[in-house]
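Read left to right, the sequence shown gives residues -18 to -1, 1 to 872 (mature numbering (1 follows the signal peptide of the UniProt record, and there is no 0)).
Notes follow the structure.
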Amino acid sequence: MKPIVLLVVTLLPQFAFAGQAGKPECPCIGSSSSDYENLQHDLAAAGFPSDYGIQGCQAYDQGASHPGIDCSDNAHDYCQNQWCYVDTSLCPMNRELRICKKNVQQPEASWAVLSYETCGFLNTYNRYESIYTACVHDVAIGNLDLCVSDMWVLPERALLVEFLPALRHDHFYLVVRKTAGQVSLYDRLTTPFSPFTLQGWMTVLAYLTAVSTVLWLALLCQKQGQYDEFLEEKVEWANLDMEDAFAKLEHAREELEKAHLEPRNTEALAKAESTVKEAALNHAKKQRHEEELEAGLKANKKLKLLQWSNLCQFASLRQNLHLLAGTWYDVWAHFLGQDMIYEGDKVPGAFKMFSLAFAFFSIVTLATYTASLASMLVAERQLVGEISSIEDAIARQYTLCVPDVLRKSVENTYGELKIFSCKEIQLCPREMQLGNCRAMIVSEQIISRMHAGRIFEADCKQNRTFCEDSEGNPRNDCSLIAVGYVLTSVPIAFPASERLVRSLSWASASQHAKGTMQAEMRAHSHEFPKSICDAPTQQRTLALGAEDLSGIVIISGFFAGLALVRFLCTQYYVHKEKQKCREKIRQDREYRRETLEMGLTTVKFKEDIIDLFTSKKYATRAALDIGAGRGSTTAALAVNFAVVVAIEKYWDLADEFGCCHLESNKLLRKDGSEITNIVRLHMDTLLPFAFANLVDQNLSAVVIDAQHDFESIARETFHVLRDIPCCVETIVYHDYCFEDVFQTILWFELSGLLTFQKFMGEPSNSPNCKSVGENLERAEGVAMKVNRRPLKEFHEKVEEAFRGAFTLGGSLEKRLNGTQWLLLSPHSSIGILTIHSRPRLSHLSAAPGLRKNASVRQQFDHLRGLGDKKAADLDHLLHVDESLAKRIPS
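Okay, here's the thing in structure tokens:
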């Protein structure tokens, strides 16, 4: 505090109000007083003269020596001052500061009170310990008219004199030692959940669970209704398609019956038969599709979604739980992200209202959570003391340093508090550092001076021992911080005499209203104490550090860890499944040697096919083997593909010649098990639309090993490229060393439809495997990649190549259309072949046998076109070979 400045306005004479009997308002005790005789008796019993203090205002102690009082040499100021015992019945006891108990050491007279002031003298025997209270006392007795200082307006001071209007207020805080403010891991982990109580979190969880359940049921109802409508619509269209296909089939049958009535019109009969076959195939496909949709609709109607008892019986329980889990996740994700569940113009109105209610709950709840959590995280960064309130000090039985003038007020407010009195408030920090108390109650001004280092400097100048704390360490007043809120507030004002208080109060209030004091404080702000302590210790900050976010990071990391564990488990499971799959593939590849050695292809050719299609994507796709024969190459394809379609034209000749029958019981793996993923089709691949049944199959690879002339290979390749829209990637050709096969593949490569991928099998030493005029050996087979990109250009290239390949022989085709030919057999049988151009079918019928040892040319020399050249052209055009001739019955 500032030093006291005493302004003596008027110095009254010492005995101005003195009299033999004292002041009228507080007179000395007299013989007429009720306590006179009792006091006289008690004084005599205590060893005092019988008239001691009861004969009016006198200097009773001058040059005398009484029990507890030594004034023999008048060494004390009070020895020559006049005083008397006062009549307590006439002197108001509530003005106790003007009287005192002098002889407190004599219990017999301890009830008596005396006064120096009533005799016009100062009480120097019971001197005020506070110089501020003494100044107020001087104003009260008229020694001074005004005290100018930071004077607290305390109750006992207000009883003595009137004060001017308060200049400001001093706020008192509880000051304790600061701690490191360590926050436990448990506190950091629970902080993100602290904004809501357990009941609050349970309410949020219950609401979101209810929302998820309602949303789940709504989605089930919506999807079920949509699926019913979808199935019913598809069934309706399928019925129409089937009826149309049936009508076309009936019409084709009628045309066929009409054609049978005209046996000579073979052209109409062949056309009718072809139309009936196509109509029957189309009708069968439509009927099968319609039956599948009908079955799906019937099964779907059995779900009975709206029957609550059968709610979980539709589809599968696993699908229900999966949908519920997905819905629950979506609700939580939208809740944490403060998003709308449903957005868009196509969302039904009920769902929009549902989403609006959810959004309102989400934004209000999360806004409350965010604000509360932010305040908690910031509170953690505030300075932390050993205790946070005066109630904690009482509970822990702390001793508090309190200014002596505030002791009574603190005791009255906190009766159980242990108090250590400081003579002056600026001495409380020293007493606390010396260990006399563990906390203190001081004003905000003292805290500012303490943190500015001024109190420490003053104490060190007074005594070097005050530069250390109780443990001998260098004293650090910055370690003392204020905690909690304001404990009390005391006004600061100037005490004034009665004759000046009114005018000075007006002047003070007037200047205060003009802002004079605030202006002067701003002008002299540089003189106010400034803290020398570190800024972080005194300021609160909203910036959060890494340790403040550690709890959130740990919780988030925990869930991320669970996700990582699940991911690793999934990867481990996938890895194990891959190992099992690889092991199965390895076992599948280990065919018996007899299987690998079957057929006309080499073992290496089959192994190369297995290695070419090892990718896991082929495990769900199909492959096509054209010219499968006994199926040895088909077995190699069956290793990696889910389904292999084996096509052969001459399987019905197997019983007669034993060359082309696919015997699955002979296609065995190493463990002796049969290959079960092969589908056998009997088909002439050179017929138009031969691959119509394969359009819907997921074919990825094709092996062509049938006829080895240009037209056969070209037509089979065009069937693959034109009739199968998707998604053949690779075509493998066997007998690549044959000149016709080589030239055909080269032609497709030059057309931009195929590109080289890999040679297959062993190099062939056959003379047929060398280029004309060259000594060049070719590989057994070759794998070609289909160039489908860009798709539009690919289709254009295919059609252009197709027209270029099969328009060269147009004139010959026209000449041969409608002609009949004799086919000879080693069994002396002949066949009559009627040739028709596409789309009509050619017709083959049996004829009587030839005479034994008869010359064919002699017997049929009149037939046109039977020369060597024409016969070769005919064989090339119709692919008639010895095997076909053998089909003619003998």
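Glycine included, every Cβ here is placed at the ideal spot set by N, Cα and C.
Quick caveat, the model's predicted, so the values are computed rather than measured.
(message) In this structure, how does DSSP classify ILE36 when only helix, strand and coil are distinguished?
(response) Within the sequence shown, residue 36 is the residue found at index 54, counting from 1. Coil.
(request) For ILE51, I'd like the list of residues in its chain whose CB is within less than 7 Å of its CB, leaving aside the five on either flank, ordered along the chain. (result) By 1-based counting over the sequence shown, the position of residue 51 is 69. Contacts found: ASP43.
(request) For TYR380, name the three-state secondary structure that DSSP assigns. (result) To locate residue 380, count along the sequence shown from 1; it is residue 398. Looking at TYR380 - three-state DSSP - the assignment turns out to be coil, as it is neither helix nor strand.
(request) Could you tell me the distance, in whole angstroms, from the CA atom of ASN622 to the CA atom of LYS767? (result) Counting from one through the sequence shown, the residue named residue 622 turns up at place 640. Counting from one through the sequence shown, the residue named residue 767 turns up at place 785. Their Cα atoms are separated by approximately 18 Å.
(message) Which of the three DSSP states is assigned to VAL483 in this structure?
(response) The residue labelled residue 483 in the question sits at position 501 within the sequence shown. Looking at VAL483 - three-state DSSP - the assignment turns out to be helix.
(request) Return the CA-CA distance between GLU239 and GLU698, expressed in angstroms with no decimal places. (result) As a position in the sequence shown, residue 239 is number 257, starting the count at 1. As a position in the sequence shown, residue 698 is number 716, starting the count at 1. Looking at the two C-alpha atoms, the distance is approximately 34 Å.
(message) Buried or exposed for PHE510, going by 16 or more other Cβ atoms inside 10 Å?
(response) For the purposes of this step, residue 510 is taken as the residue at position 528 of the sequence shown. PHE510 comes out exposed.
(message) With distance defined between alpha-carbon atoms, name the residue in CYS61, CYS8, ALA234 nearest to THR70.
(response) Within the sequence shown, the letter at position 88 stands for residue 70. Among CYS61, CYS8, ALA234, the Cα nearest to that of THR70 is on CYS8.
(request) Compare the beta carbon distance of PHE68 and GLY4 with 8 Å and say whether it is the shorter of the two. (result) Stepping through the sequence shown from its first residue, residue 68 is reached at position 86. Stepping through the sequence shown from its first residue, residue 4 is reached at position 22. Going by the sequence as given, residue 68 is Val instead of Phe. The answer is yes: Cβ separation under 8 Å.
(message) Which residue wins for smallest C-alpha separation from GLY45, given the options CYS61, GLY35, THR381?
(response) Indexing the sequence shown from 1 puts residue 45 at position 63. For GLY45, the nearest C-alpha among the options comes from CYS61.
(request) Take the Cβ of LYS599 as the centre, count every other Cβ of all protein chains shown within 10 Å, and call the residue buried at 16 or more, exposed below. (result) Taking the first residue of the sequence shown as 1, we reach residue 599 at position 617. The residue in question, LYS599, is exposed, as its Cβ has fewer than 16 Cβ neighbours within 10 Å.
(request) Starting from the C-beta of PHE639, find all residues in its chain whose C-beta is less than 6 Å away, skip the five residues before and the five after it, and write them out in chain order. (result) As a working note, residue 639 is residue 657 in the sequence shown. Caution applies to PHE639, whose pLDDT of 45 falls short of 50 and renders its modelled position unreliable; the value that the coordinates give is listed next. So no residue of the chain qualifies.
(message) Per the DSSP calculation, MET422 is bridged to which residue(s)?
(response) In the sequence shown, the residue the question calls residue 422 occupies position 440. Looking at the DSSP assignment, MET422 forms a beta bridge with VAL157, CYS383.
(message) Quick check on DSSP: helix, strand or coil for PHE766?
(response) By one-based count along the sequence shown, residue 766 stands at place 784. Correcting the residue type first, residue 766 is Met in the shown sequence and not Phe. It is a strand residue.
(request) Rounded to whole angstroms, what's the CA-CA distance from TYR98 to ILE11? Just pull it up for me. (result) Here residue 98 is taken as the residue at index 116 of the sequence shown, counted from 1. Here residue 11 is taken as the residue at index 29 of the sequence shown, counted from 1. If I take the Cα positions, the gap works out to 13 Å.
(request) Using alpha carbons as the reference points, say which of ASP717, ALA624, LYS400 lies closest to LEU382. (result) Translated into positions along the sequence shown, residue 382 becomes position 400. Measuring from the Cα of LEU382, the nearest candidate turns out to be LYS400.
(message) Out of ASN418, CYS460, CYS419, which one is the CA nearest neighbour of residue 905?
(response) This structure cannot speak to residue 905, because the chain is shown only from -18 to 872.
(request) Go through its chain and collect everything with a Cβ distance to LEU72's Cβ below 6 Å, but skip five positions before and after it. (result) Position 90 of the sequence shown holds residue 72. Here the set comprises PRO9.
(message) Counting C-beta neighbours from all protein chains within 10 Å, is the total for ASN63 16 or more, i.e. buried, or is it exposed?
(response) As a working note, residue 63 is residue 81 in the sequence shown. Flag for ASN63 reads buried.
(message) Considering just the uninterrupted stretch of the beta strand (DSSP E) at THR737, what are its terminal residues?
(response) Position 755 of the sequence shown, counted from the start, is the residue given in the question as residue 737. Note, THR737: beta strand (DSSP E), 736 to 745.
(message) In the DSSP output, which residue or residues are listed as bridge partners for TYR67?
(response) The residue given as residue 67 occupies position 85 in the sequence shown. Per DSSP, LEU96.
(request) Throw me the rounded Cβ distance for the GLY763 and VAL714 pair, which I believe falls under 8 Å. (result) In the sequence shown, the residue the question calls residue 763 occupies position 781. In the sequence shown, the residue the question calls residue 714 occupies position 732. Between VAL714 and GLY763 the Cβ distance is about 6 Å, and since that is below 8 Å, they are a contact.
(request) Taking ILE36 as the reference, give the member of CYS101, PRO177, TYR189, ALA610 with the closest Cα. (result) Translated into the one-based positions of the sequence shown, residue 36 becomes position 54. Nearest C-alpha to ILE36: CYS101.
(message) Considering only DSSP beta bridges, list what LYS400 is partnered with.
(response) Indexing the sequence shown from 1 puts residue 400 at position 418. For LYS400, which the question treats as bridged, DSSP gives the partners THR381.
(request) Determine the burial state of CYS404: buried for a count of at least 16 other Cβ atoms within 10 Å of its Cβ, exposed for fewer. (result) Counting from one through the sequence shown, the residue named residue 404 turns up at place 422. With 16 or more other Cβ atoms within 10 Å, it is buried.
(message) Quick check: the segment 611 to 626 against the segment 677 to 685, are at least 3 beta-carbon pairs closer than 8 Å?
(response) yes
(message) Once DSSP output is grouped into helix, strand and coil, what is the label at HIS304?
(response) Walking along the sequence shown from the start, residue 304 turns up at place 322. Three-state result, HIS304: helix.
(request) Indicate whether the contact test is met: 3 or more Cβ pairs, each with one atom in the segment 589 to 597 and one in the segment 544 to 560, closer than 8 Å. (result) no
(request) Could you check which residue in MET665, VAL702, ASP691 has the C-alpha nearest to that of ASP678? (result) Counting from 1 along the sequence shown, the entry for residue 678 is found at position 696. For the residues MET665, VAL702, ASP691, the minimum Cα distance to ASP678 belongs to VAL702.
(message) Among ASP152, LEU736, ALA27, whose alpha-carbon lies nearest the alpha-carbon of VAL424?
(response) The sequence position of residue 424 within the sequence shown is 442, counting from 1. Nearest option by C-alpha distance: ASP152.
(request) Indicate the three-state DSSP secondary structure (helix, strand or coil) for CYS146 in the structure shown. (result) Taking the sequence shown and counting its residues from 1, the one referred to as residue 146 is at position 164. The question names Cys, but residue 146 in the sequence shown is Leu. Residue state, collapsed to three classes: coil.
(request) Could you tell me how far apart the beta carbons of LEU826 and LEU815 are, in whole angstroms, since I believe they sit closer than 8 Å? (result) One-based indexing of the sequence shown puts residue 826 at position 844. One-based indexing of the sequence shown puts residue 815 at position 833. The pair is a contact, with the Cβ atoms about 5 Å apart (cut-off 8 Å).
(message) Between the alpha carbons of SER344 and LEU318, how many angstroms are there, rounded?
(response) Residue numbering aside, residue 344 sits at position 362 when the sequence shown is read from its first letter. Residue numbering aside, residue 318 sits at position 336 when the sequence shown is read from its first letter. Taking the straight line joining both Cα atoms gives about 8 Å.
(message) Taking 7 Å as the limit between beta carbons, can you name the residues of its chain near GLN2, skipping five residues before and five after?
(response) By 1-based counting over the sequence shown, the position of residue 2 is 20. If we look at GLN2 and ignore the five residues flanking it on each side, its Cβ neighbours are GLY38, CYS39.
(message) Nearer than 7 Å: is that true of the beta carbon of ARG235 relative to any heavy atom of the ligand HEM?
(response) Questions concerning the ligand HEM fall outside what the structure shown contains, since it holds no ligand whatsoever.
(request) Excluding the 5 residues preceding and the 5 following GLN841 in the sequence, name in chain order all residues of the same chain whose CB lies nearer than 6 Å to its CB. (result) As a position in the sequence shown, residue 841 is number 859, starting the count at 1. With a pLDDT of 43 at GLN841, under the threshold of 50, the predicted position of this residue should be treated as unreliable, though the coordinate-derived value follows. Cβ neighbours of GLN841 beyond the five flanking positions: none.
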